[in-house]
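First comes the structure, then the notes that go with it.
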Amino acid sequence: MTEPHALAAAHAQREETRRATLFKLSFPLFLNSLLNFGVMLLDTMIISAHSADAAAAVAIANQILIVALELSTALGTGAVIVIAHHLGQGDRERAERVAAIAVTANTLFGLLVGLFTALAAPVVLWLLGTPEAMAPDIRLYVGVVGIAMAFNGFATAATASLRGFGRSRTIALLGLFAATFYIAAEYVLILGWGPIPALGVLGSGLGTLLMRIAAAVALLLILARGLGLSLPHREAFSDWRLLRRLFGLSMPSVSDYIAYGCYQLILLGFITGFGIVAVLSRAYVMIAVTFFIFVIMAVSQGNEVLLGYRRGAGEAGQAFAQALRSSIVAAVLATFLAILLYLFADLFFALFTDDPAVVVLGTELALLTVLLQPGFAFNTVLFQSLRAVGDVRWPVMVSQGITWGLSLPLAWFLCLHLGYGVVGVWYAMIVEETIKGIAMLWRWHDRKWVRHVVL
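Going by our numbering, the first residue of the sequence shown is number 706, and it counts up by one from there.
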């Protein structure tokens, strides 16, 4: 490409990033989040229709797998940031190279994570004190879904790359395909259909594995035809400078998510001692909470790309205001949805159970969830905003300090010592997220992140 053409292409790329808006980037991700919520809802209804014990086993197994799922995103998080900054500078060729290397390397990393998870599952169940009757089903589910981690590693890096290129609509369409495939597979494999027997927990795991494979194949075609990427990339394990940079940007925040997943696993260990009603009440409310997280993350991910564009273009003032607007939008949306959950709690829980004890306890948790959302939204959006502008260590250190130094001891005191059970855990999480939100807001306002360099 001649120099005039290269300059023209770079200018066109910069103009495209300037036209990007939070709504344009986040709304397709929100639709994808809505779709994911529908999938979780139907999936839980299907496994609950098989048996309450199967539903409890899958809920515990999924909490274990959250840690592995977060770890399998190791390079994708950094890829979004670096890709967005290169595009903000008008350098599409480098952005494509980063995407190809991140996808290739993260696939192998996901495979290693899956193998480790399957081997570690029995030890984790022993540490949690899981009821012996549930343990075989949980081990089976974790083993099957662990195989899917290589495909998940590929998919997370691929979708992260698409986000970096602003292809939110493509991600939403892919989500529709994956959701349709997944629900059909889950229904047939869990409950049985025609000559296919009801496989219960095993069927749930197989449905997840098949969905991940199908999504990976679809993403491979999208990356090849839509972005022109050649996979696997020959420099995936030789460009150590780029890999170190991707890990450096990703691991502080990914390690925070992993630590938080371990923290939630410990809290689940507290709760299991209060019986299946407590476990199921938490599991059903967490379905709704996960949807709220999806909504917040849709706003946050769109905001993250915009910040990359603004910082890449040297517009620190616009980046500062953008993150604050995004935080307010996320907090208002999540709190409004939590209020709806509380108002229509009876209808929500009727989708899964007719046990009045679960409904009563779940409704109490739904009310407390309203108080949880504002702090959680500000914490999430500003945490990722700081990461997007290169300030990755301070947020993680503060977040982990609050989680392990304050929230976990408080949860133990309220849940086990005072006997509040799962309600005590929710009180501790409200305190935790409120303090984290205030801390991240203070850090964003002091603007020390302006001096950080991403590339």
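A virtual CB, placed ideally from N, CA and C, is assigned to each residue, including glycine.
(request) Quick one: grab the DSSP three-state call for Lys1141. (result) In this structure, Lys1141 counts as helix in the three-state DSSP scheme.
(request) Taking Gly1142 as the reference, give the member of Ala865, Arg949, Thr1085 and Trp1109 with the closest Cα. (result) If we check each option's Cα against that of Gly1142, Thr1085 comes out closest.
(message) Please give the ranges of any alpha helix (DSSP H) in the stretch 865–945, keeping only runs that are unbroken, at least 4 residues long and fully inside the region.
(response) With a minimum length of 4 residues, the continuous alpha helix (DSSP H) runs that stay inside the stretch 865–945 are 873–896 and 906–927.
(request) Assess, as a yes-or-no matter, whether the stretch 981–992 is touched by the stretch 800–809 under the definition of 3 or more beta carbon pairs within less than 8 Å. (result) No: fewer than three Cβ pairs fall under 8 Å.
(request) Measuring alpha carbon to alpha carbon, tell me which of Arg987, Gly880, Ala1144 and Tyr892 ends up nearest Arg917. (result) Ranking the options by Cα distance to Arg917, first place goes to Gly880.
(request) Please classify Gly743: is it buried, with 16 or more other beta-carbons within 10 angstroms of its beta-carbon, or exposed? (result) For Gly743, the number of other beta carbons within 10 angstroms of its own is below 16, and it is reported as exposed.
(message) Would Thr812 and Phe870 be called neighbours here (beta carbons separated by less than 7 Å)?
(response) In this structure, the beta-carbon distance from Thr812 to Phe870 does not fall below 7 Å.
(message) Short of 8 Å in beta carbon distance, which residues of its chain neighbour Ala1028, apart from the five on each side in sequence? Order them along the chain.
(response) Asn1008, Leu1012, Val1086, Leu1087, Ser1090 and Trp1149.
(message) Taking a contact to mean a Cβ-Cβ separation below 7 Å, would you say Leu954 touches Ile765 in this structure?
(response) No, they are not a contact pair.
(request) Give the secondary structure of Phe1057 by DSSP, where H, G and I count as helix, E and B as strand, and everything else as coil. (result) In the displayed model, Phe1057 falls within coil according to three-state DSSP, outside both helix and strand.
(request) Throw me the rounded Cβ distance for the Trp1131 and Leu1070 pair, which I believe falls under 8 Å. (result) Correct: roughly 6 Å between the Cβ atoms.
(request) Measure the alpha-carbon distance for Leu947 versus Cys1120 and round it to whole angstroms. (result) In a straight line, the C-alpha of Leu947 is about 45 Å away from that of Cys1120.
(request) Can you have a look at Arg1152 and say buried or exposed, based on whether 16 or more other CB atoms are within 10 angstroms of its CB? (result) So Arg1152 counts as exposed.
(request) Return yes when the Cβ of Ser756 is within less than 7 Å of the Cβ of Phe1057, no when it is not. (result) It is not a contact, given that the beta carbons lie outside the stated cut-off.
(request) Return helix, strand or coil for Ser756, following the three-state DSSP convention. (result) In the structure shown, Ser756 adopts coil according to DSSP, grouped into three states.
(request) Please look up how many angstroms separate the CB atoms of Glu801 and Leu932, rounded, as I've assumed it's under 8 Å. (result) So it is a contact: roughly 6 Å between Cβ atoms.
(message) Quick check on the DSSP output: the alpha helix (DSSP H) that includes Arg1152 runs from which residue to which?
(response) Taken as a continuous stretch (DSSP letters only), Arg1152 belongs to no alpha helix (DSSP H), as it is neither H nor E.
(message) At the level of alpha carbons, what is the spacing between Phe1083 and Ala1093?
(response) Here the C-alpha atom of Phe1083 lies approximately 15 Å from the C-alpha atom of Ala1093.
(request) List the endpoints of the continuous alpha helix (DSSP H) containing Ser1195. (result) The chain is shown from 706 up to 1160; residue 1195 falls before or after that span and cannot be answered.
(request) State the start and end residues of the unbroken alpha helix (DSSP H) segment that holds Val785. (result) Unbroken alpha helix (DSSP H) run through Val785: Ala779 to Gly793.
(request) Within the stretch 976–1023, note down every full alpha helix (DSSP H) run reaching 4 residues or more, in order along the chain. (result) Fully contained in the stretch 976–1023 are the following alpha helix (DSSP H) runs of length 4 or more, in chain order: 981–1017.
(request) Could you check if Glu891 is buried or exposed, using at least 16 other CB atoms within 10 Å of its CB as the buried criterion? (result) By the 16-neighbour rule on beta-carbons within 10 angstroms, Glu891 is buried.
(request) May I ask you to report which of helix, strand or coil DSSP gives Glu798? (result) Note: Glu798 maps to helix in three-state DSSP.
(message) Residues in the same chain with beta-carbon distance under 7 Å from His710, minus the five sequence neighbours each way, listed in chain order, please.
(response) Reliability of the predicted coordinates at His710 is poor, the pLDDT of 48 falling under 50, and no value is obtained from them.
(message) Does Leu813 come out as helix, strand or coil in the three-state DSSP assignment?
(response) Helix.
(message) I'd like to check one pair, Val847 with Ala826: are the Cβ atoms closer than 7 Å?
(response) Cβ distance < 7 Å, so Ala826 and Val847 count as in contact.
(message) By the three-class DSSP mapping on this structure, what secondary structure does Met745 have?
(response) For Met745, the secondary structure class from DSSP, reduced to helix, strand or coil, is helix.
(message) So the candidates are Ser1112, Phe735 and Val818; which of them puts its Cα closest to the Cα of Ile971?
(response) From the listed residues Ser1112, Phe735 and Val818, the smallest Cα separation to Ile971 is found for Ser1112.
(request) Starting from Val849, trace the alpha helix (DSSP H) both ways and give me its first and last residue. (result) Its alpha helix (DSSP H) spans residues Ala840 to Ile852.
(message) Just to check my reading of the structure: Thr1108 and Glu1137 have Cβ atoms closer than 8 Å, yes? What is that Cβ distance to the nearest angstrom?
(response) Right, their Cβ atoms sit about 6 Å apart.
(request) Compare the beta carbon distance of Gly1067 and Phe1081 with 7 Å and say whether it is the shorter of the two. (result) Cβ distance not < 7 Å, so Gly1067 and Phe1081 don't count as in contact.
(request) To the nearest angstrom, report how far apart Leu907 and Ile976 are at their CA atoms. (result) Spanning the two alpha carbons is a distance of roughly 25 Å.
(message) To the nearest angstrom, how far is the alpha carbon of Phe979 from that of Gly795?
(response) Whole-angstrom Cα-Cα distance: 56 Å.
(request) Could you pull out every residue in the same chain whose Cβ sits closer than 8 Å to the Cβ of Leu1146, ignoring the five residues on either side in sequence? (result) The answer, listed in chain order, is Ser1032, Phe1083 and Leu1087.
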